[in-house]
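Before any comments, here is the structure.
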Amino acid sequence: MFKIGLTGGIGSGKSAASDHFAKLGAEVIDTDLLSRELVVPGKPTLNEIIDAFGDDILAESGALDRKRLRNRIFADPEARKRLERILHPRIREAMLERARRSRAPYVVFVIPLLIETGQQTLVDRVLVIDLPESLQRQRVAARDGLDERQIEQILAAQVTREQRLQTADDVVCNGGTLTDLQREIESLHHKYLRQSRD
0 MFKIGLTGGI GSGKSAASDH FAKLGAEVID TDLLSRELVV PGKPTLNEII DAFGDDILAE
60 SGALDRKRLR NRIFADPEAR KRLERILHPR IREAMLERAR RSRAPYVVFV IPLLIETGQQ
120 TLVDRVLVID LPESLQRQRV AARDGLDERQ IEQILAAQVT REQRLQTADD VVCNGGTLTD
180 LQREIESLHH KYLRQSRD
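Under numbering that gives the first Met the number 0, think of the first position of the sequence shown as 0, with each following residue one higher.
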């Protein structure tokens, strides 16, 4: 199975890119969605997170309060590492299992922290969705309603733009329109189809 690791900083457009890959017939496996599936009430992973962080990270419904947990882990690097030790092995296992079952011509793993977690060794090519940092900050503030301090904490937990680009095999610049992005994804799709057959 030919495997692509799609990554990029927060607000770079990873979801828009991966949605288009899915429309074109690729198997898209999004680790953010996998992590949400792993922490629904009743799942062992959620129980382990509660043991590590206390039940005040739960909403009244009993579901994980993702915003509350996010605020805690980005304010405390040790807490973030503790959460990653719980989640990352399970996400990786679920991701690889889904890839093994796929019948698509190639798989796109959407992994925001691909480089930070050293998972580029799992893929044949690393695709970085890139954009200028000033535009990235604008998009995150508009989309998530985060203030400058919260955005800074998230960016500090990610590798720099330069480090990401140095690791990339392919780069899509997402500084333009959605149509521009989709056109670049279509070009890569044809390239990946050829490479998957080699």
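From the three backbone atoms N, C-alpha and C, an ideal C-beta is built for every residue, glycine too.
Between E132 and L164, the CB-CB gap reaches or exceeds 9 Å. Residue range E26 to D29 is occupied by the beta strand (DSSP E) that includes V27. Within the region 102-133, the complete beta strand (DSSP E) runs of at least 3 residues fall at 105-109 and 124-129.
D169: member of the beta strand (DSSP E) spanning D169 to C172, first to last residue. DSSP, reduced to helix, strand and coil, places K42 outside both helices and strands of the structure shown, so it counts as coil. DSSP, reduced to helix, strand and coil, places T178 within a helical segment of the structure shown. By the C-beta criterion, the region 113-123 is judged not to be in contact with the region 10-22, since fewer than 3 inter-stretch pairs fall below 8 Å. Counting every other CB atom within 10 Å of its CB across the protein chains shown gives R102 a total below 16, marking it as exposed.
According to the DSSP secondary-structure assignment, L63 is paired through a beta bridge with L57. Per DSSP, reduced to three states, the secondary structure at L86 is helical. Counting along the chain, I9 sits inside no alpha helix (DSSP H), nor does DSSP assign it H or E at all. Taking the CA atoms as reference points, R35 sits about 17 Å from D54. For the options G8, A21 and I56, the alpha carbon positioned closest to that of V38 is the one of I56. The region 73-89 and the region 122-131 do not touch, with fewer than three beta-carbon pairs separated by less than 8 Å. Cβ-Cβ distances below 6 Å link L68 to I56 in the same chain, with the five nearest sequence neighbours on each side left out; the list follows chain order. Taking a 10 Å sphere around the C-beta of T120, we find fewer than 16 other C-beta atoms and assign the residue as exposed. Look at the beta carbons and you see the region 142-152 not touching the region 184-196: under three pairs across the two are nearer than 8 Å. Residue environment: K2 is assigned as buried (16 or more neighbouring CB atoms within 10 Å of its CB, all protein chains considered).
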